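Read through the structure below, which is laid out as structure tokens, and then see the notes.
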Amino acid sequence: MERVVIIGGGQAGCQAVASLRAEGFAGPIAMVGDEPYAPYQRPPLSKTYLMGTMERDRLFLKPDAFYAQADCQTIYGVPAVSINRDAKEVALADGRVLGYDKLLIATGSRVRKIKIPGADLSGLHYLRSIADVDALRPAFQSAKTLAVVGGGYIGLEVAAVARKYDLSVTVIEALDRVMARAVSRPVSEFYEKVHREAGVVFHMNTAVEGFEGRDHLTGVRAGGRVFAADIALVGIGVVPNCEIAQDAGLECEDGIRVDKFCATADPAIFAAGDCTRHHGRGGDLIRLESVQNAIDQAKHAALAMVGKPTPYGEVPWFWSDQYDLKLQIAGLAKPDDRIVMRGDPGSRKFAVFHLRAGAVAAVEAVNAAPEYMIGRKLIADAAPVAPERLADTAIPMKNIV
Ligand SMILES: Cc1cc2nc3c(=O)[nH]c(=O)nc-3n(C[C@H](O)[C@H](O)[C@H](O)COP(=O)(O)OP(=O)(O)OC[C@H]3O[C@@H](n4cnc5c(N)ncnc54)[C@H](O)[C@@H]3O)c2cc1C
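Residue numbers for the sequence shown follow the working numbering, beginning at 12 and rising by one.
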């Protein structure tokens, strides 16, 4: 009977266990994770879990009974250190060796560390894991001023929570707009305005030069000035965990290269989630960092592992919660897309559609569930849409299709 080993006990690893069993895989499965707990959801870490309104138990994707019922051997708190492709074995840091017939690498990504003077001071935080939030939340309770380095979606979600804790918040961003990697300019401008109204101070086009303090942080030096801060949250992106694949001779370049079946060039090895790079729907090589991509790639990897290869072509989607605003994004926008606005940002309910060759290629919806849901369908169908109809809020979304 074939044996499957999964490296990485996160969103993709957990989904792979469920999908392998759902597809009828009957052989042994072992899942190895370097964190000391079962797979959990990360999105609440910068939202409700940081706020303290979500219990830790609710973070876990599945109860322990799920892995027992799925007859999955779980090894937590132990990193896998190498892959021997000839012997088809994975070596663990504690000396154990696991044999496999099919291997899934689902190692996710890690935070990009900032390398500037003072980066080792206490008071400096990153946000990726339960442990990170468990360190940050008590600091929120005692601190008065927070500096957020990087105005991406994690930095802004943390800023929104920090305002609820009544902290003074300063966001320092190197580019000229917030969430620049993830959203269009109108959405960036809307979110910057909302945060400013909530009391967040922004310094845009400003590079951080260093952190001040003796042992503990007292300020952030940026753009030739020093901003007082007793804690800092650094959110400057992530780095895919692909070293274990690279060391095993698999092709990696900002992610493990996989094809549309989530397979690497080694027919026994698959990869899924943040650690991968693949050709997206539009043909571009992309690396996605989202729950959707981790789940869907794990499903397709499982299908391929059980001999039912099915190409991955789902529309990417993502969300972010800040204050009372739910941002939902589907598809991938490009700079040359024609932008069509539906609704008024002033009403805190609107959508930005991105049209390419006459069809919807992406949608960003703020508190606008129908625009998001139907937008996703329009993207999947690639059907031509009249821009003036999309812009007309008198025409219900369901009639646009
Ligand atoms: C704070 C935060 C908020 C987020 N919010 C959103 C959101 O709102 N919407 C959204 O779509 N996405 C969000 N994301 C992104 C989303 O959580 C990730 O894209 C998703 O978790 C990726 O799943 P994964 O399985 O690839 O990686 P992970 O869930 O990170 O799991 C990988 C696991 O593998 C482990 N690992 C790594 N190397 C080894 C090794 N050698 N041996 C053993 N184990 C190893 C890692 O420690 C980790 O536990 C957020 C992420 C964070 C950090």
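Virtual Cβ for every residue (Gly too), placed ideally from N, Cα, C.
Computed from a predicted model, the values in this text were never measured in an experiment.
Closest by C-alpha distance to residue 89, out of 348, 170, 34 and 48, is 48. Pairing residue 71 with residue 317 gives a Cβ-Cβ distance that is not under 8 angstroms.
Taken in chain order, the unbroken stretches of beta strand (DSSP E) that lie wholly in the stretch 265 to 326 and span 3 residues or more are 280 to 282 and 287 to 290. In the same chain as residue 133, and ignoring 5 residues on each side of it, the C-beta atoms closer than 8 angstroms to its own belong to 226, 227 and 228, in chain order.
Remark: the shortest separation between the CB of residue 53 and any heavy atom of ligand 1 falls under 7 angstroms.
The beta carbon of residue 83 sits no closer than 7 angstroms to any heavy atom of ligand 1. In terms of Cα proximity to residue 189, the closest of 246, 156 and 153 is 246.
By the Cβ-count criterion, residue 184 is buried, with 16 or more other Cβ atoms from all chains shown falling within 10 Å of its own Cβ.
If one requires a minimum length of 3 residues, the beta strand (DSSP E) runs lying completely within the stretch 42 to 94 are 83 to 87, in chain order.
In this chain, the alpha helix (DSSP H) harbouring residue 145 covers 141 to 153.
Taking residue 170 as the centre and dropping the five residues before and after it, the same chain places the C-beta of 159, 180, 182, 206 and 211 closer than 7 angstroms to its C-beta, in chain order. If the five residues before and after residue 135 are omitted, its C-beta is found closer than 7 angstroms to the C-beta atoms of 222, 228, 243 and 245, all from its own chain and listed in chain order. Taking all protein chains shown into account, residue 152 has fewer than 16 neighbouring C-beta atoms within 10 Å of its C-beta and is therefore exposed. A Cβ-Cβ separation of about 6 angstroms places residue 117 in contact with residue 17 under the 8 angstroms criterion.
Under the Cβ criterion (8 angstroms, minimum of three pairs), the stretch 18 to 35 counts as touching the stretch 104 to 124.
Around the beta-carbon of residue 382, 16 or more other beta-carbon atoms lie within 10 Å, marking it buried.
The beta-carbon distance between residue 326 and residue 394, rounded to whole angstroms, is 13 angstroms. This is too long to meet the 8 angstroms contact definition.
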